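Protein chains: 2
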Amino acid sequence: MDNIFRRAVSQCAIQEFDGRQRVVIENVTPELDAGKYRAKAVEGGSVNVEADIFVDGHDTVCAELCFRPEGSDAWQRVPMAPVGNDRWQGTFGVGLPGNYSFTVEAWADHFLTWKKGLSKKVEAGQDVSLDLQIGAQFLDAAVSKASKKDAASLKKFEELLRSGKKEKAVSAALGDELVALMALYPDKSHASVYEKVLGVSAEQKKAGFGAWYEFFPRSWASEPGRHGTFNDCRRLLPMIAGMGFDIVYLPPVHPIGYAKRKGRNNSLTAGPDDPGSCWAIGNRDGGHKAVHPELGTMEDFEAFVTDAESHGISVALDIAFQCSPDHPYVQEHPQWFKWRPDGTVQFAENPPKRYEDILPIDFETADWQNLWIELKSIFLFWVEKGVKIFRVDNPHTKAFPFWEWAIASIKQEHPDTVFLAEAFTRPKLMARLAKAGYSQSYSYFTWRNSKQELQEYLTELTASPLKHFMRPNFWPNTPDILHEEFHSGNRTTFIIRLVLASTLSSNYGMYGPAYELCEHVPVAEGKEEYLDSEKYEIKRWDLDRPGNIRAEITRINRIRKENPALQQTNDISFVRIDAAPGEEHGQLMGYVKRSSDGGNIILTVVNLDAHSMQNGWLRFPLELFGQPYDHRFTVEDLLTGNRYEWNGEWNYVEVNPHVVPAHIFRVTLS
Amino acid sequence: MDNIFRRAVSQCAIQEFDGRQRVVIENVTPELDAGKYRAKAVEGGSVNVEADIFVDGHDTVCAELCFRPEGSDAWQRVPMAPVGNDRWQGTFGVGLPGNYSFTVEAWADHFLTWKKGLSKKVEAGQDVSLDLQIGAQFLDAAVSKASKKDAASLKKFEELLRSGKKEKAVSAALGDELVALMALYPDKSHASVYEKVLGVSAEQKKAGFGAWYEFFPRSWASEPGRHGTFNDCRRLLPMIAGMGFDIVYLPPVHPIGYAKRKGRNNSLTAGPDDPGSCWAIGNRDGGHKAVHPELGTMEDFEAFVTDAESHGISVALDIAFQCSPDHPYVQEHPQWFKWRPDGTVQFAENPPKRYEDILPIDFETADWQNLWIELKSIFLFWVEKGVKIFRVDNPHTKAFPFWEWAIASIKQEHPDTVFLAEAFTRPKLMARLAKAGYSQSYSYFTWRNSKQELQEYLTELTASPLKHFMRPNFWPNTPDILHEEFHSGNRTTFIIRLVLASTLSSNYGMYGPAYELCEHVPVAEGKEEYLDSEKYEIKRWDLDRPGNIRAEITRINRIRKENPALQQTNDISFVRIDAAPGEEHGQLMGYVKRSSDGGNIILTVVNLDAHSMQNGWLRFPLELFGQPYDHRFTVEDLLTGNRYEWNGEWNYVEVNPHVVPAHIFRVTLS
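Order-wise, the sequence lines are chains L and Y. Our numbering numbers the first residue of the first sequence as 2 and each following residue consecutively. Our numbering numbers the first residue of the second sequence as 2 and each following residue consecutively.
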């Protein structure tokens, strides 16, 4: 008998099928690929869960959000509340980094249904004597489950309902005390539980909020003509910390191949002193688990990491799964590469382009299991050395199933690891890497320049399902990308893009020395690569060079640290700025962000025009904060310290790029 | 060892996990609730499947759509093609009513990747001798799987590739013959299969396309003063068939209760001759498996059904799971009802409203399994009598799990049954009933009157996921609903709503006699109920009454039958109609539909203003049909027979409601 009913309803993971479970729970968010992947959260933060919940007929529905750390036995519960159109909402908090489970339970509450009906009948002047008798039955059922004290209280109510004293009984039945009492002992005997248990991955705080600074250690020797070392770099740390950065990211620190080594400006032949690209990994000195001898020893590296931590800075390593032809893997694991009929190993190519200094790893090798274990062990090796944050080079050219497995299993041992995907690729590949476990992703920010492009891109990131699992990291430049917007060398442009990156996204970064010094010369007109790129040579940077924007970076990073509204990305609302009534301004862009507790509100106004003063009328969305359109409030520009009293929703703004091309207003509504 | 890899990737239904399966397949549509529910199709029709499919790196991807009748062992396959942004598309056909399964398989095709690279290298003038040797290896692998004849051909190609005759070899390698040959023997050794097998329910043709005519049999006695019978109704069938209807729908035909019977105009006390509401089901003569004796015998009913079939008409029965207090169930299965402390049975109520002539069934009864079996057996009983189409009364007040089980199990035995949900309720409940198995749903059409409302509603139905599983049925009136738009009695309004219902939706219906006679008097001003509603009394209709719109109905039903574009709902595009340049017309609404083979194109233009001639400029979307903006083509108004030559996309239209308030143009593009 049971079977014919079971057949009807799809397999339920955590409940036996009972046809009396009438409440429907569906369309739960966040739910990624039917629960196959986990949504993301940050330690100490909260997870907002929504679901469509309803029942046939007119019964009153109650719903609870159930959650627990993965592996724990006991579900914790918080009530959910309806938000309209049969949609319900609830929030739970997460603690330490790790995985959390959640699901939803809901039931038709016959006591509350009865109470609602009683109230309407009383209002309509109908006789309710029989209804009071019915109500007493619900109380009776609760008594059997109640604590001694509550049972006594319930019994008194029950007696009153049965007493025939209609007025007193009705007033007690509709009162708050009884509702509160009954809410402790709901009848969940036919409660429905959502058919899936869903997952959330809570990550360490720097996964959610951080400013990244990238530099090449080899360029920081204390005297000219020498290869920089980890010990040299320790000298940089106070300055980087002083600028307010949270993470320093080092390009690969491994031995660099000799075979087919690239020369300056990516030339095919290297001179004898050319250091080569550090992405051509591996030589006789070792591979992905070694440090380049010219940078120092492994102990030097560890000392650098320790020193950075003492400044509140985490060190992020670049993990690039590719090998120079000299990499030890080529001899030790030839089966991990493709070999050609002439007995040579296949180098990387994207025909007709050839990258002869780099060998790709063959993820279709029959020995894939050993390959996976070895690649994973590279991360674990560096975790042992104190590194928790990894920037992964081109993950979209390695097999997706590998990342899914590797990140999940590394995080199982080290839940505080963070993975940034350097995946400048097509949208669906980027999203998949994020679902598969990447904490953050490089983004298209670099190529989103106009107001419309930026607004559309932020909307896509923060108002689509992407918001549940893909955290963008906004980089105005990288060693590979000098956007043509910078080619003119206008210092203001560098500040504009800095403000945008750092206030639109809680995670942002820069290829530091080049950016703060406003380096702007491309290798050729119309190209995005830097001239004399640091990728292929040792450079010397004068960080105090006139025109640098260190002060602006420092100020902005401080503002970010002091304002929780800027420590998250998804709660953003673009505001209307008009050049003339009804005519939207093309160059002034504004957006409001607020902290999760609502206590901190930041309104950023950026002038995208680096050359001219722009002004207009800005509409502050008071309705988002429950304020009337004529509310008076204060805004304080955190970049200049100026304060303004604003009177109602529409206010005049002007931004002079020759002074500072943006306002970052802290809004005080009361 | 295996286990640690398995942990990484969620459970795969139809494949063993292999880390070399690099192709990602995700976001497959149609997929309802992670595959828990089936999408809908119509027998002999087709199913359009889409998926995001991609692989890491630069390999060329191939994909196939796999499908089969549920329960069959052998998958059939059709190739899928990319449609941009890593989205792929494929279509499969379904045969007889029943359930079909589908999934997607995809792989990185190394031969095609190689060929693409070869072509680019040749173009760039690179040496490809080694590449030709590599290519020969792919051919070699195919030889081992090929037919004798193909193997011979492949070997010749292979020899050529190895021959050293570069020019000849390249030309053969890039030629069509080799590609065609290799496509027969793709290397799928690391193919990915989507992790779920998804379902489609193919239903009989009238689930997808049909015109419904509702009438009360008791009003059709051949002489006044008598209760109408099934035999009387047979007389109506030629007229109904002549008007072009496909389905006659009868309100409940069961014995009507005496207890608390409602009188005329829903009065609480019935006179001795009042027939009562046929929705108060059951008395001593029987319940849901009996016919009301005054309508005739069960044999009379069966004869009526057979007679209808001979006219091409299906009979749809109204199944209303509720009981009059006299229903035999009340005595036989008291446990299926709620009983009150005074020993009386609970009647239906939605406080403060009371429906004392109706007892609701308690779906939380401990005896729910027997209840379900009995309710399901009611459908089976009528299927035995020749009924395949059921209009279910208020399904949203019965437990959703029951419908899911009942419809699935009835369809397992009788795949050609059709279920129409009379669920005038909130959007998510309607959608859930559709997912749970209902073939069609009543809709909000009745209350969508302005151009904007209609366009938004149709967009919601046809361009959201609803299109995969919820088929709307558009009714301008029902015995319960006389929309206030009709209260003025303007005959043109009846024609406008007829045209809209019948051309916007492939499924439409009317409460026939009242609609074709333009009945328009409400029970009270501002109310939606009819005065002297047929629900509570026997009426006499003079179908030849002047002002009836039978000719218009007949013409429109004929147009629908002759034009496949109108036999589907989802392929619809609203067209721009301007009153003046750049100013959208508020009263003229136009939309194009086309048949699935593209061979039939219908452009409907409706004047929503029943009082005045309206004109404007209509932009026909030639780009949808691959035609240039200045294409010349012909439109023929199927309502009047007038033909027009149109010159390019913008054309003048005028609609005079005093003649006919719409054009239904058949568009001939060449």
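C-beta atoms are modelled at their ideal positions from N, C-alpha and C, and glycine is treated no differently. Remember, it's a predicted structure, so these values are computed and weren't measured experimentally.
In the displayed model, residue 449(L) falls within coil according to three-state DSSP, outside both helix and strand. If you look at residue 615(Y), you'll find it in the beta strand (DSSP E) that goes 615 to 620. Within the segment 65 to 115 of chain L, the complete beta strand (DSSP E) segments at least 3 residues long are 77 to 80, 82 to 85, 88 to 94 and 99 to 109, listed from N- to C-terminus. The C-beta of residue 124(L) comes closer than 9 Å to at least one C-beta of chain Y. Secondary structure at residue 589(Y): strand, using DSSP grouped into helix, strand and coil. For the pair of segments examined, the segment 469 to 487 of chain Y was found not to touch the segment 75 to 83 of chain Y: the number of CB pairs separated by less than 8 Å stays below three. Below 8 Å, enough C-beta pairs join the segment 98 to 105 of chain L and the segment 202 to 215 of chain L to call them touching: three or more.
Residue 555(Y) is outside the set of residues whose beta carbon lies under 9 Å from a beta carbon in chain L.
Scanning 632(Y), 655(Y) and 656(Y) for the CA closest to the CA of residue 646(Y) turns up 632(Y). Here the segment 350 to 362 of chain L makes no contact with the segment 382 to 393 of chain L; the two share fewer than three CB pairs at distances below 8 Å.
Residues of chain Y whose Cβ lies closer than 7 Å to the Cβ of residue 135(L) are, in chain order, 341 and 342. The segment 622 to 636 of chain L makes no contact with the segment 460 to 472 of chain L: fewer than 3 CB pairs, one atom from each, lie closer than 8 Å. In terms of Cβ geometry, residue 86(L) and residue 473(Y) do not form a close pair [threshold 9 Å].
Contact note: residue 121(Y) reaches chain L through 352 and 353, using a C-beta cutoff of 7 Å and chain order. The beta carbon of residue 569(Y) sits no closer than 9 Å to any beta carbon of chain L.
Look at residue 350(Y) here: in three-state DSSP terms it is strand. The C-beta of residue 569(L) has 16 or more other C-beta atoms within 10 Å across all chains shown, which makes the residue buried.
For the pair residue 44(Y) and residue 203(Y), the Cα-to-Cα distance works out to about 5 Å. Restricting attention to beta strand (DSSP E) runs no shorter than 3 residues, the segment 556 to 582 of chain Y encloses them at 573 to 581, ordered along the chain. Residue 380(Y): member of the alpha helix (DSSP H) spanning 369 to 385, first to last residue. Classified as buried, residue 56(Y) has 16 or more neighbouring CB atoms from the shown chains inside 10 Å of its CB. Exclusion of the five residues before and after residue 605(Y) leaves 504, 592 and 665 as the residues of its chain whose Cβ lies within less than 6 Å of its Cβ. Distance from the CA of residue 424(L) to the CA of residue 525(L), rounded to the nearest whole angstrom, comes to 25 Å. For the pair residue 293(Y) and residue 257(Y), the CB atoms are nearer than the 9 Å cut-off. Under DSSP, residue 479(L) forms a beta bridge with 482(L).
Straight across, the Cα-Cα distance linking residue 613(Y) with residue 449(L) is about 51 Å. Secondary structure within the segment 258 to 337 of chain L: the alpha helix (DSSP H) runs of 4 or more consecutive residues, fully enclosed, are 299 to 311 and 329 to 333 (chain order). Annotated three-state conformation of residue 232(Y) is helix, per DSSP. The criterion of a C-beta distance shorter than 9 Å is not satisfied by residue 640(Y) and residue 554(Y). Those residues of the segment 360 to 387 of chain Y placed with their C-beta closer than 7 Å to a C-beta in chain L are 364, 365, 369, 370 and 373, ordered along the chain. Inclusion of residue 304(L) and residue 395(L) in the CB contact set at 9 Å is not warranted, their separation being larger than that value.
Straight-line spacing of the CA atoms in residue 117(Y) and residue 111(Y) works out to 10 Å.
For residue 412(Y), the uninterrupted alpha helix (DSSP H) run begins and ends at 401 to 414, by DSSP.
Close partners of residue 87(Y) in chain L (Cβ separation under 9 Å): 427, 428, 429 and 430. With distances taken between CA atoms, residue 21(Y) lies nearest to 403(L) out of 403(L), 563(L) and 607(L).
Within the segment 389 to 403 of chain Y, those residues whose Cβ lies closer than 7 Å to any Cβ of chain L are, in chain order, 397, 398, 399, 400, 401, 402 and 403.
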